[in-house]
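Asks:
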Amino acid sequence: MDIHRIREILPHRYPFLLIDRVLEVVPGERLRALKNVTANEPFFDGHFPHRPVFPGVLMLESIAQASAILVSLIIDAKASQKNVYLFAGVDKARFKAPVEPGDQLIVDVSLEAQRRALWRCSGTITVDGKVVCVSDVLFTHRPIE
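Going by the working numbering, the first residue of the sequence shown is number 5, and it counts up by one from there.
#1: Using only the alpha-carbon positions, how far apart do I78 and Y18 sit?
#2: Can you check the segment 24-71 for any beta strand (DSSP E) of at least 3 residues that lies completely inside it and give the ranges in chain order?
#3: State the DSSP-derived secondary structure class of L115, mapped to helix, strand or coil.
#4: Might you give, ordered along the chain, the residues of its own chain that have their beta carbon closer than 7 Å to the beta carbon of P147, omitting 5 neighbours on each side?
#5: For D24, which residues in the same chain have their Cβ closer than 7 Å to its Cβ, ignoring the five residues on either side in sequence?
#6: Note down the Cα distance separating S71 from L115, rounded to an integer number of angstroms.
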């Protein structure tokens with residue numbers, strides 16, 4: 005799935021769209037996405053000027069955005085911007101290694117549970133095959149009015 009299709013699904017835009025491409029989808033089960041981290045990311049000016057590090061909270065947001073794409077393909081067959089996805093919680097978040105400009109994030113998410121409008125996905129981010137972040141995310145969706 006290319007960036008044009010991702011933009012049809014997610015309401016996020018630059019600089020907060022944190023998924024560049026979807027590499028693989030097993031409908032209703034899991035999704036693999038990619039985020040290229042470039043030196044031009046606006047947050048690197050302040051995080052940190054002497055040694056840029058991709059913020060951990062944005063790794064969690066990458067997991068959440070990949071999860072929202074996966075769930076949108078379940079609840080809305082056309083996966084259009086009919087719903088907005090809202091964080092409900094983060095569990096078991098761990099940051100294993102820093103992410104720097106030039107790294108390519110591989111974001112793997114899997115659907116773990118769903119109860120009514122509450123969804124739980126687990127996510128793992130790797131760089132060059134090394135785990136840099138793991139977390140569960142909980143979120144809900146609401147129709148855009």
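Every residue, glycine too, gets a C-beta built ideally from N, C-alpha and C. Predicted, not measured: the structure shown is a model, and the values here were computed from it.
Replies: Reading from the atomic positions:
#1: If you take the alpha carbons of I78 and Y18, they lie about 25 Å apart.
#2: 25-30, 34-40
#3: strand
#4: K86, N87
#5: I7, L38, K39, N40
#6: 8 Å
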